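Reminder that position 327 of the sequence shown reads as 338 in the numbering used here, one-by-one numbering, no gaps. All remarks here apply to the structure that follows.
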Amino acid sequence: MFSDSRIYSVDLAKGIALILILYLIEFSEGITGDWFFGNLYHSGTSILYTLILSFFFFVSGIAVPFRLSKRINDGQSVYDILKSVFAISLIMITAGAMLVNIPRVNKELTGFGPGVWAVILVISIFLVWNRYPEKDNNFFTVSGLRITGLAILVFLVFKFRSGTWENNGSLITGHWEIPGLYGWGLLASSLIWLIVRNSVSGTVAAWFFFLALNIFSVLGLNNILNPAHRYFGVLIDGYIPFIFISGMLAGVMIKHYPSGNKGKLISMLTFTGIIMSAAGLLLYFKVLPPEGLYGQPSWALTGAGLSMLLFVVILYFYDLEDKFKIKFAENTGRSFFTGYIIAFFLYGIADIARVDLHASGNGSLPALSFAVPLLFSFVVTCITVILSRIGIRLRF
């Protein structure tokens, strides 16, 4: 059974999402060469990848009411909670902005290639934002490690050169990678929750607001905000916040779950998921056919609806009925970004060693093309769990 501050199904769902994302990254050819995980949108795995990302952002939104409610119950003020929300969001957005610039590193102008830059970046991220043990005698050690990591990050920013006209060859923003998108979504959903708290009607109103914002964005009705789009485009487009708040709506509904009435909760969530999915398909085929995948309101609705239905299954068997436990995936989910960023480290090492991790995808054995990505995903998740057990785990 889930507690008042945590739903264990969320951790399991995040773990499953990470394993699938890592699999698709490795399965899709050519990612190592240009470093954009976003290139999955140009491959045959694009639909599945879009739905998995939607699922991850959705379940992340579910946790918001539980996490913030716990802080309020612990006696934290709204001001302290706001400081924490803005801090973690800024950390995620910064990490995403740094990661997304890896493919733009110009070896001749920077002094080292994308692989070296990625490895140093990942090390510095862990130095700054590792979840260090809270002991009285390690304050100066921890502070020293964080200052060292921060100094490395500053060095990387000033050392970075792309050799292109964009932003005079310096770092660019716009596509924020998964950590950055998570940061923007977390910021929007947390602020909304602090306003409406566990009100279903208030959450639904916010849900409609961001859906409308997403539709306006696709129709070009919010072009007046274009000057701010470079930095606040994720919020202006409404797509990511909508999926987060869809998950938050599910979390609020679970918070209102009447004790002993599992059937009502499951029916309520299932009905909501079906309505969202049906509305998305209606929008897709009859009202506003999408020009692509990411950022489209039809995909936002469909992705949120299908995510709701999948999560209902996990919630029912994992938390409500307690039919099984998958601690490996659950522990992986608790360290989602540790595992995700470790993948950048491994690809950086491969780039330095000039090893093509996607060579199996170019062979004549289809079974190998499926098995190697599965092995890669398993290795990364194993590394993630091992690092967590020895005290190396990111704070976000």
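Quick reminder that beta carbons are idealized off the backbone N, C-alpha and C, glycines included. A quick note: this is a predicted structure, and the numbers were derived from the prediction, not measured.
Distance, residue j Cα to residue i Cα
{"i": "L222", "j": "A364", "result": "46 Å"}
{"i": "G249", "j": "S95", "result": "23 Å"}
{"i": "I254", "j": "L312", "result": "8 Å"}
{"i": "Y19", "j": "Q87", "result": "23 Å"}
{"i": "T105", "j": "L164", "result": "10 Å"}
{"i": "W218", "j": "L93", "result": "21 Å"}
{"i": "Y268", "j": "E37", "result": "40 Å"}
{"i": "V298", "j": "A129", "result": "43 Å"}
{"i": "L202", "j": "P76", "result": "11 Å"}
{"i": "L280", "j": "L294", "result": "21 Å"}
{"i": "T214", "j": "K273", "result": "22 Å"}
{"i": "R172", "j": "N234", "result": "31 Å"}
{"i": "G72", "j": "V323", "result": "14 Å"}
{"i": "Y90", "j": "R157", "result": "25 Å"}
{"i": "Y413", "j": "I337", "result": "Nothing about residue 413 can be reported from this structure: the residues present for the chain run from 12 to 407 only."}
{"i": "I265", "j": "T175", "result": "49 Å"}
{"i": "L331", "j": "S278", "result": "13 Å"}
{"i": "V153", "j": "E145", "result": "9 Å"}
{"i": "N84", "j": "A74", "result": "15 Å"}
Three-way DSSP call (helix, strand, coil) for residue i in this model
{"i": "N141", "result": "strand"}
{"i": "L405", "result": "strand"}
{"i": "P190", "result": "helix"}
{"i": "N272", "result": "coil"}
{"i": "G350", "result": "helix"}
{"i": "S88", "result": "coil"}
{"i": "V165", "result": "helix"}
{"i": "W128", "result": "helix"}
{"i": "F122", "result": "In the sequence on display, residue 122 carries Gly and not Phe. Three-state result, G122: coil."}
{"i": "N20", "result": "Looking at the sequence itself, residue 20 is Ser, so the reference to Asn does not match. It is helical."}
{"i": "S212", "result": "helix"}
{"i": "V207", "result": "helix"}
{"i": "S173", "result": "coil"}
{"i": "S278", "result": "helix"}
{"i": "L299", "result": "coil"}
{"i": "R241", "result": "helix"}
Own chain, CB closer than 8 Å to residue i, minus 5 neighbours either side, in chain order
{"i": "I353", "result": "V133, V391, I394, T395, L398"}
{"i": "A361", "result": "T43, G126, D367, L368"}
{"i": "L6", "result": "Examination of residue 6 is not possible in this model, given that the chain is present from 12 through 407 alone."}
{"i": "F355", "result": "L110, I113, A129, L132, V133"}
Integer Cβ distance of residue i from residue j, believed to fall under 8 Å
{"i": "G107", "j": "E188", "result": "4 Å"}
{"i": "L79", "j": "L59", "result": "Going by Cβ atoms, the distance from L79 to L59 rounds to 32 Å, so no, they are not a contact pair."}
{"i": "S228", "j": "S65", "result": "17 Å between Cβ atoms; not a contact."}
{"i": "K170", "j": "T121", "result": "6 Å"}
{"i": "P252", "j": "G196", "result": "6 Å"}
Chain-order list of residues whose beta-carbon lies under 6 Å from that of residue i (same chain, five-residue window excluded)
{"i": "F123", "result": "none"}
{"i": "L320", "result": "G284"}
{"i": "R404", "result": "R142, S346, T349"}
{"i": "N112", "result": "L182"}
{"i": "L276", "result": "Y268"}
Cut-off 7 Å between Cβ atoms - residues of its own chain near residue i, not counting five sequence neighbours on either side
{"i": "F407", "result": "I99, I102, M103, W140, F348"}
{"i": "R17", "result": "F77"}
{"i": "V168", "result": "L182"}
{"i": "F263", "result": "Residue 263 is actually Val in this sequence, not Phe. Cβ neighbours of V263 beyond the five flanking positions: P76, N209, V211, T214."}
is_contact[residue i, chain D] using C-beta, thresh 8 Å
{"i": "L386", "result": "As a matter of chain content, chain D is missing from the structure shown, which is built from one protein chain."}
Cβ-heavy atom distance, residue i to the ligand ZN, below 7 Å
{"i": "I18", "result": "Among the ligands in the structure shown, none appear at all, so the ligand ZN cannot be discussed."}
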